[in-house]
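Residues in the sequence shown are numbered from -16 upward in steps of one, following our numbering.
From the three backbone atoms N, C-alpha and C, an ideal C-beta is built for every residue, glycine too.
Since the model is a prediction, treat every value here as computed from it, not as a measurement.
Heads up, the thing below is written out as structure tokens.
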Amino acid sequence: MGKEIRIPFAMRAALGWHTGAKLVCWTHHGDLKVLQRPKQMSISAYMPNSRELWHLAARFHDRLGLLADLTAALADLQIDVIGCRASTQFHHAELRVDLDIDTSAYESEFDLTRQERLDFPARRLRELHARLLCLFIKDIVFFPDGKPILRITRNPLLRATVSADSRHDILLRAHGLCELPRAVLDEIELHFAQRLTASQKARAHDPRPLVMLAADARWGVVDATIFYRNTGYRHIRVNAADQSDTLQLVTSQLKRVGFNILQLYSRAIANTGRIWIDLLVHLADDRAGDDARLMAFIRGVFRDKSLRSLALEATFPRPMSRRAARRLR
């Protein structure tokens, strides 16, 4: 049996995932080991190897039938729209469009073929960009420097599924529950066993790992970072004054004492002059000891005089227990 995790409702809503959805999870090694370590995995509803995914973002002067003309142009080019978000702005003067598109069946006349696009993933869809620009030259909004607001960006995270070392199908059950494959957990456990010091191994007595989930709605992916208690990992939530240099001061202080920041998310709190910062950090050496000493060490780091202007408060969110998860069902 694998480990059961619960994907929160807010993440599922943002990603458009529903009960019964078939998901795929994968890990990366090889050339991608700098980006995705063996203790990380990604989860998505998009199947690997089956689609060539891009993100199209554009702004148009709004008019009747604009979306119909845009989707018709893409359909004529055998481009499948798998997700769309559109909204008028500036009192309906402009229309902002974000499309997730699949170009598996698209064949250009002058640019790269599909196989060449797979062989050269850094290349862009220049011909498609030019075609859309010509078709909608009277509708597209331009920057003051004359560049059109039209971007076609390759989906980097899902492209990595093609070269992933291991892929597994999982089912999203009721209340966001899904089970991580045992093979993936064994691989991660081996990764920790090879890298932990003797004292860390002695402290990591709890066989149940913790999972930190982060959803990326733009690319339709949930990244799961898996770690064990008392091994130098900690989720920190910081409430600080919202200054122009807040992030620089916090990250520089953590760097100074040897913390590696694995994940960071910040957002301003409206009308308060304060900011929330969520961090997942790792202290590589064994200076801090167990989790209790690690938290005390972090509190001491944030009491440094260089951070006094931020009136900083640090807390450590607790992992969701099984009992708490059952109450949310």
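Starting from residue i and walking both ways along the beta strand (DSSP E), at which residues does that stretch end?
i: K5; result: K5 to T10
i: T214; result: Careful: T214 lies outside any beta strand (DSSP E) and carries neither H nor E.
i: R106; result: Premise fails: R106 is in no beta strand (DSSP E) and is neither H nor E.
i: V316; result: Absent from the structure is residue 316, since the part of the chain shown begins at -16 and ends at 312.
i: R(-11); result: K(-14) to R(-11)
i: L160; result: L160 to L163
Which same chain residues, not among the five before or five after residue i, have their C-beta less than 6 Å away from its C-beta?
i: A40; result: D81 and R134
i: L230; result: none
i: K16; result: Note that K16 scores 42 on pLDDT, short of 50, meaning its location in the model is unreliable; the coordinates nonetheless yield the value given after this. Closer than 6 Å at the Cβ level, and outside the excluded window around K16, lies no residue.
i: A197; result: D206 and Q246
i: D63; result: D85
i: R(-5); result: G159
i: Q61; result: A88 and Y89
i: A157; result: T2
Name the one or two DSSP bridge partners that residue i has.
i: Q246; result: L263
i: S25; result: W9 and D206
i: L82; result: L39 and C67
i: Q72; result: E77
i: V221; result: I260 and A297
i: I153; result: L6
i: H44; result: E77
i: I123; result: F43
i: A113; result: DSSP output for A113 lists no bridge partner at all.
i: I252; result: R257
Please list the terminal residues of the continuous alpha helix (DSSP H) segment that includes residue i.
i: R137; result: From DSSP, R137 is part of no alpha helix (DSSP H) but of the beta strand (DSSP E) over L133 to R137.
i: T54; result: L49 to D59
i: I281; result: D274 to F285
i: M(-6); result: F(-8) to L(-2)
i: T234; result: T229 to R239
Under 9 Å between the Cβ atoms of residue i and residue j?
i: K(-14); j: E170; result: no
i: R137; j: W37; result: yes
i: L263; j: T214; result: no
i: L322; j: P192; result: No answer is possible for residue 322: it lies beyond the span of the chain, which begins at -16 and ends at 312.
i: A223; j: A279; result: no
i: L118; j: A176; result: no
i: N243; j: L266; result: yes
i: W9; j: H174; result: no
What residues in its chain sit with their C-beta under 7 Å from that of residue i, if we drop five residues either side in the sequence?
i: S27; result: L6, V7, L141, G203 and V204
i: R106; result: L95 and R100
i: I281; result: R217, I219 and A297
i: D45; result: T71, H75, A76, E77 and L78
i: S289; result: L232 and Q236
i: S249; result: L230, I258, W259 and I260
i: P300; result: H218 and R220
i: A4; result: A28 and L155
Report yes or no: is there a C-beta of chain B within less than 9 Å of the C-beta of residue i?
i: Y216; result: Annotation note: the requested chain B is absent from the structure, which comprises a single protein chain.
Can you find the residues in the same chain that come closer than 8 Å, C-beta to C-beta, to residue i, ignoring five residues on each side of it along the sequence?
i: M303; result: R(-11)
i: F73; result: none
i: S91; result: L108, E110 and L111
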